[in-house]
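Using this note's numbering, the letters of the sequence shown correspond one by one to residues 631 to 911.
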Amino acid sequence: MDENTEKMAVAESDGEDSKETGRLGALRHGLAVFDLFEMDRQTVTTIEIARYLNIHKSTASRITSNLVLSGFLVPATDGPGFRLSGKLTRLGAIAAAVQDLPTMAIKHAQALADDVGETCQVGVLDGQEAVTVVLANGSYSLRLHSWVGKRHEASTTAMGKALLAGLSDGSIDKLYPKKSLSQASELSPATLDELKTQLVVVRNQGFALENEDLEPGLRCIAAPIFDHDGNVAAAINIAAAASRLPMSNIDYYVSKVKSTAADISNALGAPTDSYSYEATA
631 MDENTEKMAV AESDGEDSKE TGRLGALRHG LAVFDLFEMD RQTVTTIEIA RYLNIHKSTA
691 SRITSNLVLS GFLVPATDGP GFRLSGKLTR LGAIAAAVQD LPTMAIKHAQ ALADDVGETC
751 QVGVLDGQEA VTVVLANGSY SLRLHSWVGK RHEASTTAMG KALLAGLSDG SIDKLYPKKS
811 LSQASELSPA TLDELKTQLV VVRNQGFALE NEDLEPGLRC IAAPIFDHDG NVAAAINIAA
871 AASRLPMSNI DYYVSKVKST AADISNALGA PTDSYSYEAT A
């Protein structure tokens, strides 16, 4: 590379770096605008934004225009300035629900564990895994060994299937680009088609059953927990020795876990008519 070509390459690189720095600066300014809003200050003007960010009014105007176009701000109807949009309200509600889920769920999960005497867990979906976020131990000394943060392949557990059943088939396909699945045992699904068939059953009956799929002698029942938008946000299960959770009495435990799931859904602000997979379809 000759000297002139090298200088041109350096100049182009510097130009790209400068553009990137400019974009990051604009992003920081845009996010900083939200710091101006308070409970007693629900409308802000372009001049106030310019003063707060120490930028020219024309720059502040471009920032607010982009935030309006993106749906984060709306023009005030009772005077000059801008207000936060419903889009931010929705995002805030989602963040609050995720943050508050363990706090809201623990008392319900513990009440269920005390009622049935068995270990109860609340879990969320993280990629292809179901993650325990709440653990409530029952009264039996011989019980499921688990902990908050424990992970299992979602396709191998009742908890995971209750969570996966809340996704569309298209989302399931994206989540599992490979058609083969990791099996915990010969009883867990080996292919995506097998999993989808099982999820249809879960959606139709409103709960998932794990009948020694993960471990011999372990039986679990899980039901979905819905958020304020009626989407599956988590799931709760009862996990016990199969001998203490007999199939002959499974309806009793299903009703218990579904009732508790509905209580947690209600605490998360879910519409009362959304406590079923039909509402997420």
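The C-beta atom is built at its ideal place from N, Cα and C for all residues, glycine as well.
Spatial neighbours of residue i in its chain, beta-carbon cut-off 7 Å, leaving aside the 5 residues before and after
| i | result |
| --- | --- |
| SER776 | THR749, GLN751, THR762 and LEU765 |
| SER895 | ILE855, PHE856 and TYR905 |
| ALA900 | PHE856, ASP857, HIS858 and GLY860 |
| ALA690 | THR676, ILE679, ALA680 and LEU683 |
| LYS687 | THR676, ILE677 and ALA680 |
| VAL884 | PHE837 and ILE851 |
| LEU697 | GLY660, VAL663 and LEU703 |
| GLY701 | SER715 and LYS717 |
| ALA641 | Reliability fails at ALA641, whose pLDDT of 45 lies under 50, so the model's placement of it is uncertain and no value is given. |
Identity of the residues DSSP links to residue i by a beta bridge
| i | result |
| --- | --- |
| SER810 | THR821 |
| VAL781 | For the record, residue 781 in the displayed sequence is Arg; it is not Val. The partner list for ARG781 (beta bridge, DSSP) reads VAL761. |
| VAL752 | VAL764 and ILE866 |
| ARG713 | VAL704 |
| ALA838 | ALA852 |
| ARG671 | GLU668 |
Residue span of the alpha helix (DSSP H) that contains residue i, given as start and end
| i | result |
| --- | --- |
| ASP843 | Here ASP843 belongs to no alpha helix (DSSP H), and DSSP marks it neither H nor E. |
| LEU805 | 799-805 |
| ARG681 | 676-683 |
| ARG692 | 687-699 |
Residue i (DSSP reduced to helix, strand or coil)
| i | result |
| --- | --- |
| ILE894 | helix |
| THR733 | helix |
| PHE664 | helix |
| ALA792 | helix |
| ALA853 | strand |
| SER776 | coil |
| HIS858 | coil |
| GLY899 | coil |
| THR787 | coil |
| SER889 | helix |
| GLU816 | coil |
| GLY722 | helix |
| TYR770 | coil |
| TYR907 | helix |
| ALA639 | Any reading at ALA639 needs caution, since the residue's pLDDT is 44, under 50, leaving its predicted position unreliable; the model's value is listed next. Of the three classes helix, strand and coil, the one that applies to ALA639 here is helix, per DSSP. |
Run of the beta strand (DSSP E) containing residue i, from where it starts to where it stops
| i | result |
| --- | --- |
| ALA871 | 862-871 |
| LEU875 | No beta strand (DSSP E) contains LEU875, which DSSP labels as neither H nor E. |
| PRO705 | 703-705 |
Residues near residue i by beta carbon distance below 6 Å, same chain, minus five either side
| i | result |
| --- | --- |
| THR902 | none |
| CYS850 | ALA788, GLU840, ASN867 and ALA869 |
| ASP745 | none |
| SER798 | none |
| ALA735 | VAL752, VAL764 and ILE894 |
| ARG653 | none |
8 Å CB neighbourhood of residue i in its chain, flanking five on each side removed
| i | result |
| --- | --- |
| ALA795 | LEU829, VAL832, ARG833, ALA838, PRO854, VAL862 and TYR907 |
| ASP893 | HIS738 |
| SER810 | ALA820, THR821 and LEU822 |
| GLY847 | ALA871, ALA872 and SER873 |
| GLY709 | THR673 |
| LYS886 | LEU742, ASP745, VAL746 and ILE868 |
Please confirm if the stretch 733-749 is in contact with the stretch 703-714, defined as three or more CB-CB distances below 8 Å between the two stretches. no
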